[in-house]
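S.K.: Got a structure for you, questions after.
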Amino acid sequence: MFPINYPQIWEMYKKAEASFWTFEEVDLSEDLHHWENLTPDENHFIKHVLAFFAASDGIVLENLVGRFMKDVQISEARAFYGFQIAIENIHSEMYSLLLESYIKRFRREEYALPRDRDRPLRGEKGQVGPMLDRWLGNVC
31 MFPINYPQIW EMYKKAEASF WTFEEVDLSE DLHHWENLTP DENHFIKHVL
81 AFFAASDGIV LENLVGRFMK DVQISEARAF YGFQIAIENI HSEMYSLLLE
131 SYIKRFRREE YALPRDRDRP LRGEKGQVGP MLDRWLGNVC
């Protein structure tokens, strides 16, 4: 890793490292109570936001692993991408738990987003739209 040849990239890695948190650090003990007191519009909005991020984090992970880690050989950048992968996994865990906690009928196997790992990666998050619409129709 040393000597550092790309100090700006290394600084981004260190900032990511300093902001690291784990799923277990988040206190969700009051969330269900608050969830049950939302208006139907607020409930609908939050479900859609959680579902979007649950889906899009998978796309981010696929791009990081399938593209950037293969294409980029700069040690500082690879360290940053590796850390970002860990962070995205934590985000994915959080979104999944929130969906399962808030939506009583949510069953992972029934509403799982299709993942075709053999398909070439798509570059744009927006291309997940039709798949996300189908999934949201089932969950929300």
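Heads up, the sequence shown is in the numbering used here, so the first residue is 31 and it goes up one at a time. For each residue, glycine too, the CB sits at the ideal point set by N, CA and C. None of these values were measured; they are calculated from a predicted model.
Taking the continuous alpha helix (DSSP H) assigned at Gly112, which residues delimit it?
M.R.: Counting from one through the sequence shown, the residue named residue 112 turns up at place 82. Counted as a single uninterrupted DSSP element, the alpha helix (DSSP H) harbouring Gly112 occupies residues Ser105 to Tyr132.
S.K.: Just how far apart, CA to CA, sit Gly96 and Leu68?
M.R.: Mapped onto the sequence shown, residue 96 falls at position 66. Mapped onto the sequence shown, residue 68 falls at position 38. If I take the Cα positions, the gap works out to 39 angstroms.
S.K.: Mapping DSSP to helix, strand and coil, what is Leu58?
M.R.: Along the sequence shown, one-based indexing puts residue 58 at 28. Coil at Leu58, not helix or strand.
S.K.: Residues in its own chain within less than 6 angstroms of Ala109 by CB, not counting five upstream and five downstream?
M.R.: Position 79 of the sequence shown, counting from 1, holds the residue named residue 109. Here the set comprises Tyr43.
S.K.: Shortest alpha-carbon distance to Pro37 belongs to which of Glu106, Glu118 and Ala81?
M.R.: Translated into the one-based positions of the sequence shown, residue 37 becomes position 7. Selected option, being the one with the closest Cα: Glu106.
S.K.: Once you ignore the five residues that flank Phe83 on each side, which residues in its own chain have a CB closer than 6 angstroms to its CB?
M.R.: In the sequence shown, counting from the first residue as 1, residue 83 sits at position 53. Closer than 6 angstroms at Cβ, skipping near neighbours: Tyr125.
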